[in-house]
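Per the numbering used here, the sequence shown starts with residue 148, numbered consecutively.
First up is the structure itself, then whatever we jot down about it.
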Amino acid sequence: MQAIALEKAIELHPEAVKILTEELVEFNRGQKKDIYWRNNSICPTDDQYEKNAIRKAGWLVKLIVKLMKLFSSCDKDFSSVLNLMGYYHQIHNDYCNLCVSKDDKNYCDDLTEGKFSFPIIHAIKHDDDRQIRNILKQRTTDINLKNHFVELLEKLGSFKYTRNVLKELNKKIKIEIERLGGNPAFINMLEKYENEVLCHGIKGRRSEDLQRSVQDIGNYLLYITILIFSVIVCFIINNVLY
């Protein structure tokens, strides 16, 4: 069905395939860059991380908006808010990976993968003893070592720094949304996210409430993304096949 929709999209609008290809290439470049950094133990700079985060986490929402604009008279430039959303989403994922319950099967997966996530990059820059980098190289699955690693991140201020960055990005996204005409429902979702997740201190990182809040918001965003993409695909199929 996806192959058929892609084929029909060419007939409906030739730019659709170009947009899809461009965004998939960006996503894959981001993934490959992550693997390169990990396999070569290269800690990216803040600017490198931001650029790559936008590639990895921003490609889908960019794809959706660009496809929708093909069938709209809207000429507004959404690139700024879309980049902010991608950057925000990736940092949020990095933060939550290290802050969910230690009983969760995904607890500190980034550490096991040896990934240079946002809090870890901050910690490496402030860790004179190189403990963070040395533990990261081990790609451990040991729960006790993971707990020790998380405590080190807390002591180095990496979780607090990450929460502050997320709060600032949250504000910037709201400003961009208002500039583009406003969206009360989306603003309310951002405020709920900030209140239920970011206001939890590191002491609550393993609480069931924090884990549930993270899962609820993540699922909500995923459902919205899938819904919008499904509408676009259905529009393409219905207008070409019927």
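For every residue, glycine included, the Cβ atom is placed at its ideal position computed from N, Cα and C.
As the structure is a prediction and not an experimental result, all values here were calculated from the model.
- Taken atom to atom, the span from the alpha-carbon of Asp222 to that of His295 is near 51 Å.
- Taking C-beta atoms as the reference points, Val228 and Cys255 fail to come closer than 8 Å.
- Between Asn317 and Leu300, the C-beta spacing is not below 8 Å.
- When only Cα atoms are considered, Ile201 and Asn311 end up about 19 Å apart.
- Using a Cβ distance threshold of 8 Å, Ser220 and His269 do not count as a contacting pair.
- The criterion of a C-beta distance shorter than 8 Å is satisfied by Thr259 and Arg286.
- Close CB contacts of Gln237 within its chain, under the 7 Å cut and outside five residues either way in sequence, are with Ala200, Lys203, Ala204 (chain order).
- Contact annotation: Lys314 and Leu231 have beta-carbon atoms that are not nearer than 8 Å.
- In the structure shown, Leu327 adopts coil according to DSSP, grouped into three states.
- The C-beta distance from Lys213 to Ile157 rounds to 16 Å, too long to meet the 8 Å contact threshold.
- One thing to note: Glu197 has its Cβ no nearer than 8 Å to the Cβ of Tyr242.
- Taken through DSSP and simplified to helix, strand or coil, Asp181 comes out as helix.
- The straight-line gap separating the alpha-carbon atoms of Lys321 and Lys307 is approximately 21 Å.
- Assignment of Lys307 by DSSP, reduced to helix, strand and coil, places it in the helix class.
- Secondary structure in the region 217-258: the alpha helix (DSSP H) runs of 4 residues or longer, each lying completely within the stretch, are 226-246 in chain order.
- Taking Thr288 as the centre and dropping the five residues before and after it, the same chain places the C-beta of Thr259 closer than 8 Å to its C-beta, in chain order.
- Each residue's CA atom was taken as its position, placing Ile189 and Lys272 some 12 Å apart.
- Residue burial annotation: Ile279 is buried, with at least 16 other C-beta atoms found within 10 angstroms of its C-beta.
- CA-to-CA, the gap between Asp276 and Pro266 works out to about 17 Å.
- Spatial neighbours of Glu173 in its own chain (CB-CB distance under 7 Å, excluding positions within 5 residues in sequence) are listed in chain order as Arg202, Trp206.
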